[in-house]
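Enquirer: Chains as they are written, first to last, in full-length UniProt numbering: chain A, 1 to 125; chain H, 1 to 125.
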């Protein structure tokens, strides 16, 4: 099982990949058969090819992530609160909480993102 | 499905129940067959009787909860970051993220708490 510090490093790599607009930096964190449910309740992106396509499109929006508080870790999981800033047609912000579940190889096997319309600010215009 | 505002009210009721040391205030939020995994990865408390016992013991520690940032909601879910303060043998603090899944009656059917030893501060002494 990954240590707390290892899990925090994965989260930081995830955030850095957005900062650098580097989809491969995110893809490298996931297991081959991983699922990404973003937001939770929507159909999952399944497998590295689908995950690569999804994050390439996400990063194309210029989304930048900022941690809002410490990463919480337990068992095979990490959970972290963050804000996403987007810069098209004015400042936009989304408040999100992600959960990662890790497999025994230390790769993310399941990602779920918690946010909805009420967490999106500046999108009205 | 509950609205964002409804889900936020449930979260606030949960926090208020701790402030008032009122386990029944929490029990009333859960479905009969709900599960509470606190922390995630530990055996679940299953059903209202087990949940009542668990929260009665939790509140006996004097735990007080404070939201750290906005409640995130999506689909049948809410996620929220908070800190827990405990006052025995000095100030203790735990940083936690909880997720709630709601059933069609608006009751919490699944609660999962994300925190581990690295999120616990002041417990060393």
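Glycine included, C-beta positions come from ideal geometry on N, C-alpha and C.
Measuring alpha carbon to alpha carbon, tell me which of 24/H, 21/H, 56/H and 84/H ends up nearest residue 129/H.
Expert: Given that chain H is displayed from residue 1 to residue 125, the structure contains no residue 129/H and the question cannot be resolved.
Enquirer: Does chain H have any CB closer than 9 Å to the CB of residue 35/A?
Expert: Your numbering for residue 35/A matches position 35 in the first chain. Cβ-Cβ to chain H under 9 Å: no for residue 35/A.
Enquirer: Work out the CA separation of residue 65/A and residue 97/A for me, nearest whole Å.
Expert: Locating residue 97/A in the first chain gives position 97, where the first residue counts as 1. Locating residue 65/A in the first chain gives position 65, where the first residue counts as 1. Those two C-alpha atoms are separated by around 11 Å.
Enquirer: Examine the Cβ distances between the segment 10-26 of chain A and the segment 46-58 of chain H and report whether three or more of them are shorter than 8 Å.
Expert: Judged by Cβ distances under 8 Å, the segment 10-26 of chain A makes no contact with the segment 46-58 of chain H, as fewer than three pairs qualify.
Enquirer: Return helix, strand or coil for residue 76/A, following the three-state DSSP convention.
Expert: For the purposes of this step, residue 76/A is taken as residue 76 along the first chain, with counting starting at 1. Correct three-state label for residue 76/A: coil.
Enquirer: Keeping to the same chain, check which residues put their C-beta closer than 6 Å to that of residue 17/A; ignore five residues upstream and five downstream.
Expert: For this step, residue 17/A is matched to residue 17 along the first chain. Excluding sequence neighbours, residue 17/A sits near 25 and 26.
Enquirer: Mapping the DSSP letters down to three states, classify residue 109/H as helix, strand or coil.
Expert: On the second chain, residue 109/H is found 109 positions in, with the first residue counted as 1. In this structure, residue 109/H counts as strand in the three-state DSSP scheme.
Enquirer: Output the distance between the C-alpha atoms of residue 40/H and residue 50/A, rounded to the nearest integer angstrom.
Expert: For the purposes of this step, residue 40/H is taken as residue 40 along the second chain, with counting starting at 1. For the purposes of this step, residue 50/A is taken as residue 50 along the first chain, with counting starting at 1. Roughly 28 Å separates the two Cα atoms.
Enquirer: Could you give the DSSP three-state label for residue 91/A: helix, strand or coil?
Expert: Locating residue 91/A in the first chain gives position 91, counting from the first residue. Three-state result, residue 91/A: strand.
Enquirer: Taking just the CA atoms, how far does residue 92/H sit from residue 38/A?
Expert: Against the first chain, residue 38/A aligns to sequence position 38. Against the second chain, residue 92/H aligns to sequence position 92. One C-alpha to the other measures close to 34 Å.
Enquirer: Taking the alpha-carbon of residue 15/H as reference, which of 36/H, 29/H and 3/H has the nearest alpha-carbon?
Expert: Position 15 of the second chain, counting from 1, holds the residue named residue 15/H. Nearest of 36/H, 29/H and 3/H to residue 15/H, Cα basis: 29/H.
Enquirer: For residue 38/A, report the span of its beta strand (DSSP E) as first-last.
Expert: Taking the first chain and counting its residues from 1, the one referred to as residue 38/A is at position 38. Unbroken run through residue 38/A: none, as it is neither H nor E.
Enquirer: Please report how far the alpha carbon of residue 110/H lies from the alpha carbon of residue 124/H, in whole angstroms.
Expert: One-based indexing of the second chain puts residue 110/H at position 110. One-based indexing of the second chain puts residue 124/H at position 124. Straight-line Cα distance between these residues: approximately 31 Å.
Enquirer: So the candidates are 62/H, 82/H, 88/H and 102/H; which of them puts its Cα closest to the Cα of residue 74/H?
Expert: Taking the second chain and counting its residues from 1, one reaches residue 74/H at position 74. Comparing Cα positions, the closest option is 102/H.
Enquirer: Leaving out the 5 sequence neighbours to the left and right, which residues in its chain are closer than 8 Å to residue 63/A when beta-carbon positions are compared?
Expert: The residue labelled residue 63/A in the question sits at position 63 within the first chain. Counting only Cβ-Cβ distances below 8 Å, and skipping sequence neighbours, we find 18, 84, 85 and 86.
Enquirer: Where does the unbroken beta strand (DSSP E) through residue 2/A begin, and where does it stop?
Expert: The sequence position of residue 2/A within the first chain is 2, counting from 1. Looking at the DSSP string, residue 2/A is not in any beta strand (DSSP E), and its letter there is neither H nor E.
Enquirer: Can you tell me where the beta strand (DSSP E) with residue 29/H in it begins and where it stops?
Expert: Taking the first residue of the second chain as position 1, residue 29/H is located at position 29. It is not in any beta strand (DSSP E) - residue 29/H carries neither H nor E in the DSSP assignment.
Enquirer: So what does DSSP say about residue 71/H, is it helix, strand or coil?
Expert: For this step, residue 71/H is matched to residue 71 along the second chain. In this structure, residue 71/H counts as coil in the three-state DSSP scheme.
Enquirer: Taking Cβ to Cβ, would you say residue 78/H is nearer than 9 Å to residue 71/H?
Expert: Residue 78/H sits at position 78 when you count from the first residue of the second chain. Residue 71/H sits at position 71 when you count from the first residue of the second chain. Yes, the pair counts as a contact, with Cβ atoms nearer than the cut-off.
Enquirer: So residue 49/A is in the alpha helix (DSSP H); what residue range does that whole segment cover?
Expert: Walking along the first chain from the start, residue 49/A turns up at place 49. Residues 48-60.
Enquirer: Give the secondary structure of residue 18/H by DSSP, where H, G and I count as helix, E and B as strand, and everything else as coil.
Expert: By 1-based counting over the second chain, the position of residue 18/H is 18. Residue state, collapsed to three classes: helix.
Enquirer: Please determine, among 42/H, 44/H and 80/H, the residue with the shortest C-alpha to C-alpha distance to residue 8/H.
Expert: Numbered from its first residue, the second chain carries residue 8/H at position 8. The shortest Cα separation from residue 8/H among 42/H, 44/H and 80/H belongs to 80/H.
Enquirer: Quick one: does residue 40/H have its CB under 9 Å from some CB of chain A?
Expert: Working through the second chain from its first residue, we reach residue 40/H at position 40. Residue 40/H counts as touching chain A.
Enquirer: When you compare only the Cα positions, how much space is there between residue 94/A and residue 69/H?
Expert: Position 94 of the first chain holds residue 94/A. Position 69 of the second chain holds residue 69/H. Their Cα atoms are separated by approximately 12 Å.
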